[in-house]
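Here the first sequence stands for residues 14 to 415, where the numbers follow this note's numbering.
C-beta: ideal position from N, C-alpha, C; glycine also.
Bear in mind the structure is a predicted one, so any value in this text is a computation, not a measurement.
Okay, structure first, notes after.
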Amino acid sequence: MKRIIMHIDVNNAFLSWTAVDLLSKGYKVDIRKIEAVIGGDESKRHGIVLAKSPVAKKRGVKTAETLMSARRKCHNLKIFPPNFKLYKMMSNAVFSIIRKYSPDIEIISIDECFLDYTNVYKMYGDPIKFAYHLKDEIYNTLKFTVNIGIANNKLCAKMASDFKKPNRVHTLFEYEVIDKIYPLPIGDLYGIGKSSSAKLIELGINTIGDLANADEQVLRKTFKNQTSYIINKARGIDNSPVNTEEEERKCISNSTTFSYNLTNTVTIYKNLQALVENVCRSLRSEKKYALVVSVTIRDKQFHTYSKQRKLENATDNPDEIFKEIKKLFDSVWDEEPIRLLGVGLSQLTNERKRQLSLFEQSEEVEQISELDKVIDKLKEQYGSSIIQKASLVDNNVKKKYE
DNA sequence: TCTGGGGTCCTAGGACCC
DNA sequence: TCTGGGGTCCTAGGACCC
Numbered sequence: 014m015k016r017i018i019m020h021i022d023v024n025n026a027f028l029s030w031t032a033v034d035l036l037s038k039g040y041k042v043d044i045r046k047i048e049a050v051i052g053g054d055e056s057k058r059h060g061i062v063l064a065k066s067p068v069a070k071k072r073g074v075k076t077a078e079t080l081m082s083a084r085r086k087c088h089n090l091k092i093f094p095p096n097f098k099l100y101k102m103m104s105n106a107v108f109s110i111i112r113k114y115s116p117d118i119e120i121i122s123i124d125e126c127f128l129d130y131t132n133v134y135k136m137y138g139d140p141i142k143f144a145y146h147l148k149d150e151i152y153n154t155l156k157f158t159v160n161i162g163i164a165n166n167k168l169c170a171k172m173a174s175d176f177k178k179p180n181r182v183h184t185l186f187e188y189e190v191i192d193k194i195y196p197l198p199i200g201d202l203y204g205i206g207k208s209s210s211a212k213l214i215e216l217g218i219n220t221i222g223d224l225a226n227a228d229e230q231v232l233r234k235t236f237k238n239q240t241s242y243i244i245n246k247a248r249g250i251d252n253s254p255v256n257t258e259e260e261e262r263k264c265i266s267n268s269t270t271f272s273y274n275l276t277n278t279v280t281i282y283k284n285l286q287a288l289v290e291n292v293c294r295s296l297r298s299e300k301k302y303a304l305v306v307s308v309t310i311r312d313k314q315f316h317t318y319s320k321q322r323k324l325e326n327a328t329d330n331p332d333e334i335f336k337e338i339k340k341l342f343d344s345v346w347d348e349e350p351i352r353l354l355g356v357g358l359s360q361l362t363n364e365r366k367r368q369l370s371l372f373e374q375s376e377e378v379e380q381i382s383e384l385d386k387v388i389d390k391l392k393e394q395y396g397s398s399i400i401q402k403a404s405l406v407d408n409n410v411k412k413k414y415e
């Protein structure tokens, strides 16, 4: 028997969620119905579009474009700041409605998930009727709309939910693939971005159908061993299972774009240290240890480069990680003014796997870790400003005078 | 003109070993 | 003077997604 998979996607999630929040606070305008976007603070150089209203979209506003450019397209554009705490709450609310019907869901981002309907088919019946019911229940309960795509695999369910928006249910069953997606431009295929579509168009492949019928040997020169994978995607073939288990995190990172470019090493180190503290907090909350640490630098020309190093032993110790980060930074920075700094941890393990040297006391290592855990607890209860390492108590962190 | 932040996965080249 | 081939690990960077 064929699987039945649904993909549930909140329409313009950040903007819808902010709209609902504003209306609940007495705001008179539904920002979904005007030229509006959710965007960062331009004075902090975070000035890009995170989400757009359908009206703004009609005027050509695209996600991730600059607010400056969006304003040129919409002369009455209203810009609202993001509220990630609110978004997390809204996200949890929608997933818990879906989870009432089946535990077989895979959450793939803050605003979308897959539901494997196969096992509950007998219980709830016709998937299309069910999808309409679910969509309406979400709207009636939470006051925002979703799109639902129904198909025989995840890829097609995802493609289907991306058809006409908002507030729609679409199907893309195996027998509908040729009619419904073969005519679409190649860039509409999930996983084919700007770079790959440019290469494909160069090869005369303009639609998903062109790719589905392409000569594998010809594509192999460009796409190597990804070739049959992307051709299968164009044909709507995807056997990946709905992954109910929460995936273990594979990396943790934190980065900041500064209001002003940094050149002063004292300020740079303080910011690197703050980034290290952040990633280490996440690391400890996951009860993991990192084997690889990396630093990323973006300079004022927007050139981005990085350096990483594998450690002898996995660690969650911020001082140890900061020492490495500082070394990596010193070895790679070319003294160009810095726009962004990032710190990353990867190859995460569940054990410290630490081979103690002869003179190292195991209790000492434990104590450091225990102290950090206590600090985390305090921060959790009283907010992150309650306690800071002495070296971080300095207003200069993230406030630049350069 | 201006361009966020957090992820995952893949490739390519060099080092190193047998 | 001419110089194998695999295999694995590490690092840098790019592509793609939301």
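Here Pro140 is buried. Its C-beta has 16 or more other C-beta atoms within 10 Å. Here the segment 322-334 makes no contact with the segment 225-233; the two share fewer than three CB pairs at distances below 8 angstroms. The count of Cβ pairs closer than 8 angstroms, one atom from the segment 238-258 and one from the segment 163-173, reaches three, so the stretches are in contact. When C-alpha distances from His88 are compared across Lys340, Val289, Pro94, Ile47, the shortest belongs to Ile47.
Taking a 10 Å sphere around the C-beta of Ser174, we find 16 or more other C-beta atoms and assign the residue as buried. By the Cβ rule, the segment 58-75 does not count as touching the segment 154-165, because fewer than three pairs are nearer than 8 angstroms. Asp347 sits exposed, since fewer than 16 C-beta atoms from the chains shown fall within 10 Å of its C-beta. When secondary structure is reduced to three states using DSSP, Phe157 falls in the coil class, being assigned neither helix nor strand. CA-to-CA, the gap between Asp201 and Ser272 works out to about 35 angstroms. Of the candidates Ile351, Lys178, Tyr302, the residue whose Cα lies closest to the Cα of Glu333 is Tyr302. When C-alpha distances from Phe108 are compared across Val23, Lys336, Ser210, Ala77, the shortest belongs to Val23.
Positions of the beta strand (DSSP E) runs, each at least 3 residues long and wholly inside the segment 141-197, are given as 159-164, 182-185 in order along the chain.
In the structure shown, the three-state DSSP call for Gln239 is helix. Distance from the Cα of Asp312 is smallest, within the candidate group Leu341, Val306, Gly355, Lys70, for Gly355.
Nearest to Pro94 by alpha-carbon distance, out of Ile123, Leu63, Ser122, is Leu63.
In this chain, Cys87 is not harboured by any beta strand (DSSP E), its DSSP state being neither H nor E.
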